[in-house]
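Take any residue in the sequence shown, count from 1 to its spot, add 2: that is its number in the numbering used here.
Glycine included, each C-beta is placed from N, C-alpha and C at the ideal position.
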Amino acid sequence: ASMADEVPAASLERYFVRSGKQFRVRQGVREMITFASHNLLRDPLFSGLDLVTCRNFMIYLDRVMQRHVLQRFHFGLASGGYLFLGSAESADLVPELFAPVDRASRIYRARVVEGRQADTPAASWPVPRAPLQRRISAAAPVHGSAAQADESLQGLRERLAQAESGWEELQSNNEELSTLNAELKARLEETGSANDDLNNLIGSVDLATVFVDPGLLVKRFTPRAATIFNLIPRDVGRSLLDITHRLDYPAMASDVARTFDTLQPMEREVSGTDGRHYIARIRPYRTGDDTIAGTVLTFLDISQRREAERAARAIASDQEFLLRLGDSLRPLGDPMQLLALGCRLLGERLAVTRLAYAEIREERYAVLPGFAAGATPLHGEGAADMLEPAALASWRAGEIYAVPDLSRMPDGGNGDEAQGLSGLARGRGALLAGACRKGERWLGFYLACQDQPREWRHFELTLFAEAIARIGVEFERARAQAALQASEVRLRALLRGLAHASWETDATGEGSSNWLDAVHPDDRSRAQDVWRAAVHTGRAMETEIRLQQPGRKGHRASMLATPLLDEQGDVRNWSGCIIDIDERPAAPSGSI
């Protein structure tokens with residue numbers, strides 16, 4: 003992630019994608035690059051390149067090998083292509099091949115060399131040779147008659163003429179053979195280069211590919227194919243149907259036959275016996291003269307894609323469940339009814355047999371009624387510090403405590419005599435447990451139990467954590483709302499006992515005006531204005547008024563307007579009351 007400090011934001015966005023705490027090159031860029039192992043001193047170089055970068059390699063070579071490498075670079079580069087060397091390297095050994103562009107930066111450009119063959123490295127360019135000269139000399143006989151000498155000279159000249167004719171024919175044949183050898187060598191080099199390119203290409207794409215002839219006899223296969231089919235080099239020439247494989251693909255032979263008969267490519271998704279998934283592509287094998295010589299089977303491993311799709315579907319399904327869970331719990335006001343419904347919905351979603359919430363008070367826990375499907379509901383109580391240390395450590399770290407097999411725990415398998423969470427789960431099966439906290443205070447924990455061992459998957463842990471958090475929020479909201487309503491009931495009862503008059507209205511403040519009869523006529527208008535101001539601002543207000551009572555004129559009282567809020571903080575209704583505050587008469591000043 004530290005690369006973000008050095009790479010411009012626009013480049014990061016265009017060429018990289020964040021993966022956790024790291025960056026990955028985007029797939030589109032990765033698909034444009036081929037990585038291949040290449041021995042510069044031995045393997046044929048790719049041709050037609052625009053740029054060759056070779057930094058700090060030639061410093062380990064002597065001058066002869068440096069010249070050889072530079073000649074290879076020139077061969078591989080297109081005309082005008084660029085060569086980029088290390089800071090301690092130079093192409094000045096072959097000035098006829100490279101011209102400096104930026105000598106300080108060690109950037110050179112390939113020169114155009116006349117007479118260079120298109121497919122021959124510079125080291126093997128043809129060198130003009132001097133014409134071969136022959137000299138034939140004959141010596142006269144030392145003895146014998148003139149006639150014999152003449153006859154012998156006559157025969158020697160004939161044989162020399164025949165020899166010269168044969169030499170010329172042999173030379174012509176040799177020149178023809180040399181030409182054929184040169185052509186054959188060029189074709190072999192071209193074939194070798196193409197074969198190397200093909201091997202590098204097959205190796206770089208890393209696909210499982212098998213080439214078969216019309217009789218399904220194996221002609222060739224890639225290394226990756228040996229991970230699906232049990233192929234070894236000796237299997238070339240054997241029927242592919244005789245080779246064992248890791249595919250659930252009974253229609254493979256018929257698919258190959260159909261492709262060979264119709265000459266139409268086909269593909270289908272197939273499964274492996276090891277749980278992997280592949281796209282099987284079958285295409286006709288065409289030669290250079292467009293002859294169908296068999297078929298090509300390619301298997302593309304899509305296991306990661308399938309797993310990603312499955313995970314995406316699971317996440318989407320879980321998010322939909324969490325939304326439904328919240329919508330189902332939010333309208334409920336009874337905390338215990340809400341808790342029972344939340345435990346049931348989550349238990350059914352996780353397919354567990356029991357799920358409940360244990361409340362913690364004064365360092366002791368007690369299991370509240372929850373969900374049970376065909377099993378005895380969870381119940382019990384105990385000291386919170388007697389719970390498993392591993393569970394407490396997980397909860398302190400904000401994690402879910404998950405046990406796939408209680409019988410494998412050091413203190414497991416003891417049935418009802420086991421302590422803590424294991425005891426609540428009767429010492430067998432599997433469990434999930436997640437805590438609810440408010441600051442440093444433990445509110446309780448949710449416990450899900452399965453009667454049989456179970457490997458908990460990551461998305462199940464995530465769903466459990468998010469669901470119990472939502473149930474916990476709604477449960478505490480309902481408890482707080484119930485407590486508030488109980489407090490309101492007690493407050494109203496108290497006010498009714500103390501108040502000269504009390505009343506309630508809806509959120510608009512309308513619905514009751516009889517309380518004005520208890521107010522002195524001179525103060526009614528002001529009292530009504532204060533009430534309306536409170537309703538308009540949504541804030542509680544208080545004002546002093548005089549009571550209207552026969553025989554008790556001028557007694558002072560306090561009028562209170564109090565908003566009652568719902569769980570969202572909005573005004574649900576209004577409560578008003580008038581309380582005597584002074585038994586002494588007051589002057590009708592009209593002041594507050």
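Return the residue from the list the options that minimises the CA-CA distance to residue i.
i, options, result
"Q68", "L47, G82 and L42", "L42"
"M338", "A358, E322, L324 and V354", "A358"
"L51", "D237, F77 and Y17", "F77"
"G372", "I470, E442 and L324", "I470"
"F100", "C56, P523, A106 and L85", "L85"
"R32", "V19, Q24, K23 and H40", "V19"
"I61", "L341, R307, H247 and G88", "G88"
"I245", "L233, S256 and A253", "L233"
"A450", "L72, S409, A360 and V258", "A360"
"R428", "T378, F466, R65 and Y448", "T378"
"L242", "P235, Q306, A255 and D250", "A255"
"A90", "L63, L79, Q73 and H70", "L63"
"G30", "A375, R16 and L95", "R16"
"V238", "D336, V220, A228 and Y251", "V220"
"S49", "G83, S39 and S21", "G83"
"A529", "L500, E512, G274 and A563", "A563"
"V354", "E309, E462, T275 and D45", "E462"
"F37", "D198, L95, E512 and N202", "N202"
So who's on the other strand from residue i, going by DSSP bridges?
i, result
"G446", "E361 and C438"
"S504", "C579"
"I294", "R288"
"H460", "Answer by DSSP bridge pairing: none, since H460 is not bridged."
"Q452", "A432"
"S273", "D250 and H279"
"T564", "S577"
"R159", "Bridge partners of R159: none, in fact."
"V467", "Reading the sequence as shown, one finds Ala at residue 467 and not Val. In DSSP, A467 forms no bridge with anything."
"S241", "L219"
"E383", "A368"
"I109", "F86 and D104"
"L302", "I281"
"F59", "Paired residue(s): none; F59 is not in a bridge."
"F48", "Answer is none; F48 lacks a bridge partner."
"F231", "H247"
"M268", "I284"
"M543", "A563"
Since residue i and residue j should fall inside the 8 Å C-beta cutoff, what is the C-beta to C-beta distance between them, to a whole number of angstroms?
i, j, result
"L566", "E490", "6 Å"
"E476", "W576", "Not really, about 27 Å apart at Cβ, beyond 8 Å."
"R356", "L380", "5 Å"
"A437", "L423", "Going by Cβ atoms, the distance from A437 to L423 rounds to 11 Å, so no, they are not a contact pair."
"I580", "W517", "7 Å"
"L343", "L331", "6 Å"
"R607", "E544", "Only positions 3 to 594 of the chain appear in this structure, which leaves residue 607 out of reach."
"L209", "L347", "Incorrect: roughly 46 Å between the Cβ atoms, too far for contact."
"V103", "R111", "5 Å"
"D519", "Q550", "7 Å"
"L394", "L433", "With a Cβ gap of about 15 Å, L394 and L433 do not count as contacting."
"V537", "G578", "Between G578 and V537 the Cβ distance is about 10 Å, and since that is not below 8 Å, they are no contact."
"M268", "D257", "6 Å"
"E271", "I281", "6 Å"
Counting along the chain, where does the alpha helix (DSSP H) carrying residue i start and finish?
i, result
"S256", "M254 to T264"
"G78", "R65 to G78"
"A101", "It is not in any alpha helix (DSSP H) - A101 instead sits in the beta strand (DSSP E) that spans F100 to D104."
"L394", "P391 to R398"
"S209", "Per the sequence shown, the amino acid found at residue 209 is Leu instead of Ser. Neither: L209 is in no alpha helix (DSSP H) and is coded neither H nor E."
"G425", "G422 to L426"
What span of residues does the beta strand (DSSP E) with residue i cover, start to end?
i, result
"A404", "Y403 to V405"
"R526", "Taken as a continuous stretch (DSSP letters only), R526 belongs to no beta strand (DSSP E), being part of the alpha helix (DSSP H) at P523 to T539."
"L53", "L51 to C56"
From the beta carbon of residue i, is the nearest beta carbon of chain D less than 8 Å away?
i, result
"G376", "This model lacks chain D altogether, as it is built from one protein chain only."
* Just list the beta strand (DSSP E) runs in the segment 12-46, keeping only unbroken ones of 3 residues or longer that don't cross its boundaries, in chain order. => 18-21 and 24-27
* To do: Could you tell me which uninterrupted beta strand (DSSP E) segments, each at least 3 residues in length, are contained entirely in the segment 315-381, listed from first to last along the chain?
  => 356-363 and 366-369
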